[in-house]
Amino acid sequence: MKQSFSTSSFAVNVSKRLSMGVISCLLASQVATAQTESKPSIVSSVTESGITTTTYSNGKIVKSVAEGYHLDTAFYKNSNVVLSTKPKQYWKITDRIGVATPFCKEGEDITMFLKSGVYNYLTVNHFWGKVGLGILGGYQNFGVSDDYKGPQGLIARNAATRGIPTSSLKYDNVGSYEDFLLMIGPAVSLPLGSKFSLDIDAKGGLMNTSAPRFGATIPGNLGADQVIFRLNPSASKNQLGGVLSVDLLYNLSKNWSLGLNAVGFVTKTPFTTVGQDVTPGSNILLTKEDTRTHGGCNFGLALAHTFGACSAQTVYELLPPPPAPVVCAVPTLESESGRMYDYGSTEKPTFRWKSTSGTPENEEYIFKLYKADGSGIPVYQQTTKSTTLNLPNNVSLVNGDECSFYYYTIQSSVQGKCLSEANAASFGYKAKPAPIAPVAKTEDQYIFKIFGGSTATKYFGTGKPVRKPRKIAKAATPATVTSAPAKKLIPRRKKASAGTVTGVKKYSTVVNYENVATNPNIKWPEDLPLPKSPAVYEYEVQRLSAGDCKPTGQVAKYKFYIDPKKPNDIRIIPDSPKRK
């Protein structure tokens, strides 16, 4: 993104900043004057052996000890002494001069073909101990290498696109690249023994960058030279930039130092290029404005001079004896804690406490009531001098279907100078009794299987509906031994006896269907297709455990006859009696 600064906008910004600075200084001076008026006056001030003792009207004694001097330990070991240190203050002006080397980046520097130049930076810093703040002003320039005339330069490539031989090019006089710097920033000065020091400057601000000037022409048809390519500085020269400088200095004397300097800088450089349109038969000059990153490393010498030094001082302030502290005692609670009111009760608690201070007449109490919902925000608070408090009518306590818990705190305060720890208690309202819901009866479940089947021509029976199968024993009930039923004589008939089938042809014994039901009686499942003709099937049923739904107890087995024309008229085929 191209960035530019006009001279008028820059002047307006500077004037605004100066105006704000003047206003800030006036306000600060008024505040300082007000503070000075409220400060105690100086009663006496005596300086002896590098120690200045100043006594103030409020009884405070200040001893300022110059660097290299020491104070009697009996004074500064007093528990009422405040120690502070005023660092050494001084100004340092540093001049740096040397060789400026541009950072060559492929694809960018082929545009300008910069080479090394010279630089000269001058900084003025004010130091407070090892840290300082100051400004930097400087200048640097870079030459243009003859490589811009080479076959890879923009001029040669522009001419080649138009079929112009390089031998016919006439090159312009070259103008150097120039930077003017005006910056502000911090500085650090680190002593390295008694003779050496390391200075680090970091500055940022305004850089006025001027791109180089070079180009080429060819003789025109009418005697005037025709421009092939030209690079010029942009009208928008003001850019933001930064400089980092490192100095290794040797102390020649108390105020003079000489050493080596290394500088790194970075900024943006706007420039314009002028070239003829490469379209055949066109004589139009095309102007393009662009911006490139500009940076480099400079190496040279640094000469530094310090002046206006103020020696460091250690200041001991013996404060006047503090007034006796005001102590707030924690009140004790006398109201019942932990009480639970019945559901629907409109009763509100009365809060009572007692002072534990020797001077209760000077106390006031801060009462805060909270709902125990974790919010930590009081629903009611009051400051009172009484030791009893009733909640006003406009404070309603929630007494709904759920339990409601509250807690309250009491603190004491004396003239607003202290606040005691809180003493707390709680109370609440019971929840609405929950109705006892009837326990739903658990139905027994059975797993059943249908085996099939055998075709049957006809069923001979009484035509009575399906009888209910015998009850299946539960797993938890031990099997009981029952006596064998009395034998019955079955009369012999010439025809097929009741409860039998004829024409049975067995064709399959696989499981046709398996499912779970709550009724153990035989019923043809709705999702199982009916047979095409009357058939005999086998039916197995077993009870499932209510706890883990696993089969338990005995397995009941039956045979039944079903006619697809009468699917609801299922007939159980009784077991054939054993012959003697």
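Per mature numbering (1 follows the signal peptide of the UniProt record, and there is no 0): the sequence shown = residues -34 to -1, 1 to 546.
By construction, the Cβ of each residue, glycine as well, lies at the ideal position given by its N, Cα and C atoms.
Could you check how far apart the C-beta atoms of residue i and residue j are, in whole angstroms? I think they sit under 8 Å.
i	j	result
A190	L135	Between L135 and A190 the Cβ distance is about 16 Å, and since that is not below 8 Å, they are no contact.
Y143	F108	4 Å
P53	W94	5 Å
A422	P500	5 Å
A270	L215	6 Å
residue 557	P486	It is not possible to answer for residue 557, since the shown part of the chain is limited to -34 through 546.
residue 547	T253	Only positions -34 to 546 of the chain appear in the structure, and residue 547 is not among them; the question remains open.
V293	C384	7 Å
N227	S163	About 13 Å; that fails the 8 Å criterion.
Determine, using beta carbons only, whether residue i and residue j come nearer to each other than 8 Å.
i	j	result
P236	S211	no
S321	P297	yes
G64	Y35	no
A338	Y373	yes
Q347	L355	no
G266	N124	no
V507	A522	yes
T484	E409	yes
G419	P530	no
F69	G261	yes
S323	S378	yes
T156	L102	The residue asked about is misnamed: residue 156 is Leu in this sequence, not Thr. No; because the gap between Cβ atoms is not below 8 Å, this pair is not in contact.
Y524	K398	no
D165	T13	no
V467	K424	yes
V209	K169	yes
N264	A66	yes
Y505	L494	no
Q279	S30	yes
T39	V28	no
P344	K334	yes
Y87	R128	no
K96	V154	yes
V482	L510	yes
Relative to the C-alpha of residue i, which candidate in the options has its C-alpha closest?
i	options	result
I184	P533, A338, R196	R196
N204	V232, N485, L172	L172
Y22	S7, V12, S30, A32	S7
G366	G159, G98, Y395, T350	Y395
E33	I27, E327, T18	T18
G25	W490, L285, A228	L285
F393	V364, Y307, A403	Y307
A177	G208, G129, D145	D145
N91	F273, W222, L252, G207	F273
T175	V193, D213, G104, W222	G104
R318	A397, V293, N389, E255	N389
Y114	V154, F180, R305, G141	F180
S50	T325, Y282, P344	Y282
S133	V140, P117, N139	P117
V193	I150, G225, I130, K96	I130
residue 549	E327, Y336, S341, F371	Because residue 549 is not part of the residues shown, which for the chain are -34 to 546, the question remains open.
Is it buried or exposed for residue i, if we count other Cβ within 10 angstroms and need 16 for buried?
i	result
N359	exposed
G429	Note that G429 has pLDDT 46, beneath the 50 cutoff, so the model's placement of it is unreliable and no number is given.
T89	buried
E313	exposed
Q106	buried
E329	buried
V48	exposed
I416	buried
T443	Here the model assigns T443 a pLDDT of 39, short of 50, so the residue's position is not dependable and the matter cannot be decided.
Y527	buried
N534	exposed
P404	exposed
E387	exposed
I538	buried
I250	exposed
A268	buried
A391	buried
L80	buried
V110	buried
T233	buried
N221	exposed
I488	buried
K71	exposed
I536	buried
Just checking residue i against the ligand MG - is the residue's beta carbon closer than 7 Å to any of the ligand's heavy atoms?
i	result
Y216	As for the ligand MG, it is missing from this structure, which has no ligand bound.
Next item on the list: Identify every run of the beta strand (DSSP E) within the region 362 to 398, keeping only runs that are complete inside it and at least 3 residues long; order them along the chain.
Entry: The region 362 to 398 contains these whole beta strand (DSSP E) runs: 370 to 380, 389 to 395.
Item checked: 4 or more residues per run - each alpha helix (DSSP H) lying fully within the region 164 to 216 -> For the region 164 to 216, not a single whole alpha helix (DSSP H) run of length 4 or above is found.
Next item on the list: Let me know the alpha helix (DSSP H) ranges lying completely inside the region 300 to 373, each 4 residues or longer, listed in chain order.
Entry: Taking only runs of at least 4 residues, no alpha helix (DSSP H) segment lies wholly in the region 300 to 373.
Next item on the list: Could you tell me which uninterrupted alpha helix (DSSP H) segments, each at least 4 residues in length, are contained entirely in the region 44 to 85, listed from first to last along the chain?
Entry: Every unbroken stretch of the alpha helix (DSSP H) spanning 4 or more residues and falling wholly within the region 44 to 85 is given here in chain order: 75 to 78.
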